[in-house]
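Read top to bottom, the protein sequences are chains A and B. Be aware that the first sequence starts at 13, since it is given in our numbering, and climbs by one per residue. Be aware that the second sequence starts at 1117, since it is given in our numbering, and climbs by one per residue. Even for Gly, the Cβ is constructed at its ideal location relative to N, Cα and C.
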Amino acid sequence: ETGVTQSPTHLIKTRGQQVTLRCSSQSGHNTVSWYQQALGQGPQFIFQYYREEENGRGNFPPRFSGLQFPNYSSELNVNALELDDSALYLCASSYGGQPQHFGDGTRLSIL
Amino acid sequence: AQSVTQPDIHITVSEGASLELRCNYSYGATPYLFWYVQSPGQGLQLLLKYFSGDTLVQGIKGFEAEFKRSQSSFNLRKPSVHWSDAAEYFCAVASNSGYSTLTFGKGTMLLVSP
């Protein structure tokens, strides 16, 4: 059984640029959630996708957007990057009533 | 709104000693509670979960946690800590299991001394 995989593992961008992060959900999982984890903090919920539709959103501005594809993989897009966007971005997948399983994350650094 | 408080930012325990990590939650209904562990540079691994039923739940790696509704607590315990347990531990609450969002505490960093 393949777990949650995220790419890339590390990324460096400059302010104002745009970035796309990718997530392949665990086999059989149809729900994907994205979290932002700033240094020294717990993860914060960005949004969730269920069967290709956004199913909930946290307190993040519209420049954070996402997609889920028919195979349940997902993308997180961030436009107009700011220094405060530097963080570990975690993807988690789940199915039905089962707990969310996390990938190893993408470390995004903004210069 | 739901919230989680982990009062201890860092805890140092001697190898072989017992461990208790504190977690207090705020939630209006019956919560779903989780403990996750994060090693440096890694994602989160689920240690255990509480949904309903027996308030003492067993998890992986010898961890257990006890749900106390009267104290709004879900403390994590281990009778004998191993050096490999050094990591950051996060408590989280959700309104249900898979579909709802997880609200995390700020984490407790566990250091294990020889």
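Q. Cβ-heavy atom distance between Ser1155 of chain B and the ligand MG below 6 Å?
A. In terms of ligand content, the structure shown is empty, and the ligand MG therefore cannot be addressed.
Q | Partner residues on chain B for Pro96 of chain A, Cβ-Cβ distance less than 8 Å | A | Inspection of the sequence shows that residue 96 of chain A is occupied by Asp rather than by Pro. Result: empty, since nearest Cβ-Cβ is about 17 Å, beyond 8 Å.
Q | Ile24 of chain A - DSSP class collapsed to helix/strand/coil | A | strand
Q | CB contact flag (Tyr61 of chain A, Gln80 of chain A, <7 Å) | A | Yes; because the gap between Cβ atoms is below 7 Å, this pair is in contact.
(Q) Determine, for Pro73 of chain A, whether the minimum Cβ-Cβ distance to residues of chain B falls below 7 Å. (A) no
Q: Drop a sphere of 10 angstroms on the beta-carbon of Ala1203 of chain B, count the other beta-carbons inside from all chains shown, and report buried for 16 or more, exposed for fewer.
A: Taking every protein chain shown into account, the CB of Ala1203 of chain B has 16 or more other CB atoms within 10 angstroms, so this residue is buried.
Q. Is it right to say Pro82 of chain A is buried, meaning 16 or more other beta carbons lie within 10 angstroms of its own, or is it exposed?
A. exposed
Q | Beta-carbon neighbours of Gln1158 of chain B, restricted to chain A and to distances below 7 Å | A | Asp116
Q. Rounded C-beta distance between Gln1154 of chain B and Thr1219 of chain B? I'm assuming under 8 Å.
A. At roughly 16 Å, the Cβ-Cβ gap does not stay under 8 Å, so Gln1154 of chain B and Thr1219 of chain B are not in contact.
Q) If you draw a straight line from the C-alpha of Thr1146 of chain B to the C-alpha of Gln29 of chain A, how long is it? A) 43 Å
(Q) How far does the beta strand (DSSP E) with Arg78 of chain A in it extend, from its first residue to its last? (A) The question names Arg, but residue 78 of chain A in the sequence shown is Gly. From DSSP, the beta strand (DSSP E) with Gly78 of chain A extends over Phe76 to Gln80.
Q) Any beta-carbon of chain A closer than 7 Å to the one on Gly1175 of chain B? A) False, the Cβ-Cβ gap to chain A never drops below 7 Å.
Q.
Tell me which residues of the stretch 1127-1153 of chain B have at least one Cβ-Cβ distance to chain A shorter than 9 Å, keeping chain order.
A. Tyr1148, Phe1150 and Tyr1152
Q.
If we define contact as Cβ-Cβ less than 7 Å, is Gly1223 of chain B a contact residue for chain A?
A. At least one chain A Cβ lies under 7 Å of Gly1223 of chain B.
Q: Determine the direct distance from the alpha carbon of Trp46 of chain A to that of Phe114 of chain A, and round the result to whole angstroms.
A: The straight-line gap from Cα to Cα measures roughly 9 Å.
Q. Which residues, in chain order, does the stretch 35-62 of chain A contribute to contact with chain D at a C-beta distance below 8 Å?
A. The displayed structure is made up of protein chains A and B, and chain D is not among them.
Q: Using a Cβ cut-off of 7 Å (strictly closer), state whether Gly68 of chain A contacts chain B.
A: yes
Q | Environment of Trp1199 of chain B [buried if 16+ CB atoms lie within 10 Å] | A | exposed
Q. Opposite Cys35 of chain A in the DSSP bridges: which residues?
A. Answer is A:Gln18 and A:Ser86.
Q: Quick one: which residues of the stretch 1176-1192 of chain B get their C-beta closer than 8 Å to a C-beta of chain A? List them in chain order.
A: Result list empty, no residue passes.
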